[in-house]
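Undergrad: Quick one: the structure is below, questions incoming.
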Amino acid sequence: MIKAVVGANWGDEGKGKITDMLAEAADIIVRFQGGANAGHTIVNNYGKFALHTLPSGVFYDHTTSIIGNGVALNIPVLFNELQEVVSKGVPAPKLLISDRAQMVMPYHILFDQYEEERLAGKSFGSTKSGIAPFYSDKYAKIGFQVQELFDEKTLLEKLMSVCSVKNVLLEHLYQKPALDPNAIFSELMEYKKMVEPYVCDTSLYLWNAIKEGKQILLEGQLGTLKDTDHGIYPMVTSSSTLAAYGAIGAGVPPYEIKEIITVSKAYSSAVGAGAFVSEIFGEEADELRRRGGDGGEYGATTGRPRRMGWYDCVASKYGCRLQGATEVAFTVLDVLGYLDEIPVCVGYDIDGKITTEFPTTSQLEKAKPVLKTLPGWDSDIRGITKYEDLPENCRKYVEFIEEQIGFPITMISNGPGRDDIIYRKR
43 MIKAVVGANW GDEGKGKITD MLAEAADIIV RFQGGANAGH TIVNNYGKFA
93 LHTLPSGVFY DHTTSIIGNG VALNIPVLFN ELQEVVSKGV PAPKLLISDR
143 AQMVMPYHIL FDQYEEERLA GKSFGSTKSG IAPFYSDKYA KIGFQVQELF
193 DEKTLLEKLM SVCSVKNVLL EHLYQKPALD PNAIFSELME YKKMVEPYVC
243 DTSLYLWNAI KEGKQILLEG QLGTLKDTDH GIYPMVTSSS TLAAYGAIGA
293 GVPPYEIKEI ITVSKAYSSA VGAGAFVSEI FGEEADELRR RGGDGGEYGA
343 TTGRPRRMGW YDCVASKYGC RLQGATEVAF TVLDVLGYLD EIPVCVGYDI
393 DGKITTEFPT TSQLEKAKPV LKTLPGWDSD IRGITKYEDL PENCRKYVEF
443 IEEQIGFPIT MISNGPGRDD IIYRKR
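Sequential numbering of the sequence shown, starting at 43, is according to the working numbering.
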């Protein structure tokens, strides 16, 4: 059976923790989209980790970790991450890499940096990990799949052709040094040595695993609002962040995805530019940021301070609907314990009309939050393991949000650790 763990919002919802927790009962964990431009922070018995490409199930010795064909694979980043995990005492994970996964090329990162420089104040807030140039090349059919590393003659010919086009842009648009295809070829040969032991037809591996009744977890990166089709376009990532894309990015039949666990934070946070209706500022935001997550709300990949806001029922309802949520994991609820009152965004005021449906970007830019204030519980809820033991106002907060979004909240995270979780009956 296949379960997907995906984000309802802007990313940074706590998917890594939920995947790490569910991986105990899984056989295989698959990363199916995105690249090393966002991270998953995990706290477990081995310590604290920020994973960028490795699936969040690598900490169990019974699991197989798969980098699916839909991933933007930065090979040196993956192997640095692998070495770091093993250096902290984690048993070397069983890792498989799709032969159809495409590689983030060294020049993709350069082009990402150069374009953000060129756009200056109108930039997209990129992490400069090469993701947009990578996907541009993938869909322009000038990307490089892992399997191409094993046909050296054809690889060099293709590199020569691609670099000739790239160098026109470098010279005339960016005024930057030209690419040397021979130097890039030498670098790719180093990549080949790294990946060779792990490369296989992962979709066939997963097909056979499904037939054998194995438990498979698909791990998504970012969240609905960063989806290239359904997110806050153009302030989105360049891949699909939806569970539906898991079938494509892992190479599995869509009808095998039986459960979609959609993760949503008890408040809002976002990294990068774009409309953020429930955003808060100043000391109010600083305090929530300081208290948030495990060690504060800063990007796991970039270290950038996250933008903060109150829980947004409009965005979350939309996010869960697009994911096809069968259940919701509600995270970092413990962070809100310092507040006497907690505002929640329950609607958007757009030109004097109130809506509870998430609009397109041009309308979203005009939206003002309609807030409802709920009483806080003013206490620390870490260590509580039963839902009925939570303070009454805390339970009311969960139940109010569940009613607003229309999807069942079945898991509540009340701390950063693997075991800081409350299961709630549907």
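Glycine residues also receive a C-beta, built at the ideal position from the N, C-alpha and C atoms.
1) Jot down the residue ranges of each uninterrupted alpha helix (DSSP H) in the stretch 134 to 217, minimum 4 residues, whole runs only, in chain order.
2) Starting from residue 469, trace the alpha helix (DSSP H) in both directions and tell me its first and last residue.
3) Just how far apart, CA to CA, sit residue 142 and residue 181?
4) At what residues does the beta strand (DSSP E) containing residue 452 begin and finish?
5) Counting only the same chain and skipping the five closest in sequence on each side, list residues whose C-beta sits under 8 Å from that of residue 396.
6) Among the candidates 78, 69, 368, 223, whose CA atom is the shortest distance from the CA of residue 195?
7) May I have a chain-ordered list of the beta strand (DSSP E) segments no shorter than 3 residues that lie completely inside the stretch 420 to 465?
8) From residue 315 to residue 255, what does the alpha carbon distance come to, in whole angstroms?
9) For residue 285 versus residue 274, is the C-beta spacing smaller than 9 Å?
10) Tell me which same chain residues have a C-beta within less than 7 Å of the C-beta of residue 241, skipping the five on either side of it?
11) For residue 116, count neighbouring C-beta atoms within 10 Å of its own C-beta (all shown protein chains included) and say buried if the count is 16 or more, exposed if not.
12) My output table needs one value for residue 415: the three-state DSSP class, helix, strand or coil.
13) Using a Cβ-Cβ cutoff of less than 8 Å, which residues in the same chain neighbour residue 423 once the five nearest sequence positions on both sides are dropped?
14) Between the stretch 107 to 115 and the stretch 70 to 85, are three or more C-beta pairs nearer than 8 Å?
15) What's the C-alpha gap between residue 101 and residue 281?
16) Could you have a look at residue 350 and say whether DSSP puts it in helix, strand or coil?
17) So, for residue 270: in the same chain, excluding its five sequence neighbours on each side, which residues have a beta-carbon less than 7 Å away from its beta-carbon?
18) If you draw a straight line from the alpha carbon of residue 170 to that of residue 94, how long is it in whole angstroms?
19) Near residue 216, what residues of its chain come up, given a Cβ to Cβ distance below 6 Å and the 5 sequence neighbours on each side ignored?
20) Going by CA-CA distance only, name the one from 198, 126, 106 that's closest to residue 89.
21) What is the C-beta distance between residue 356 and residue 398, in whole angstroms, given that I count them as a contact (C-beta under 8 Å)?
22) Return helix, strand or coil for residue 252, following the three-state DSSP convention.
23) Quick one: complete alpha helix (DSSP H) runs, 4+ long, within the stretch 282 to 346?
24) Using 10 angstroms around the beta-carbon of residue 521, count the other beta-carbons present and answer buried if the total reaches 16, otherwise exposed.
25) Count the other C-beta atoms from every protein chain shown that fall within 10 angstroms of the C-beta of residue 203, then say buried if there are 16 or more, exposed otherwise.
26) By DSSP, does residue 274 sit in helix, in strand, or in coil?
TA: If we stick to the structure as given:
1) 148 to 161, 173 to 181, 194 to 211
2) Outside the displayed span of the chain (43 to 468) sits residue 469, for which this structure offers no information.
3) 14 Å
4) 451 to 455
5) 389, 390, 412
6) 223
7) 451 to 455, 463 to 465
8) 43 Å
9) no
10) 139, 141, 188
11) buried
12) strand
13) 375, 376, 379, 432, 433, 436, 456
14) yes
15) 26 Å
16) strand
17) 278, 279, 280, 281, 282
18) 14 Å
19) 156
20) 126
21) 6 Å
22) helix
23) 285 to 292, 324 to 333
24) The chain is shown only over 43 to 468; residue 521 falls outside these bounds and no answer can be derived.
25) exposed
26) coil
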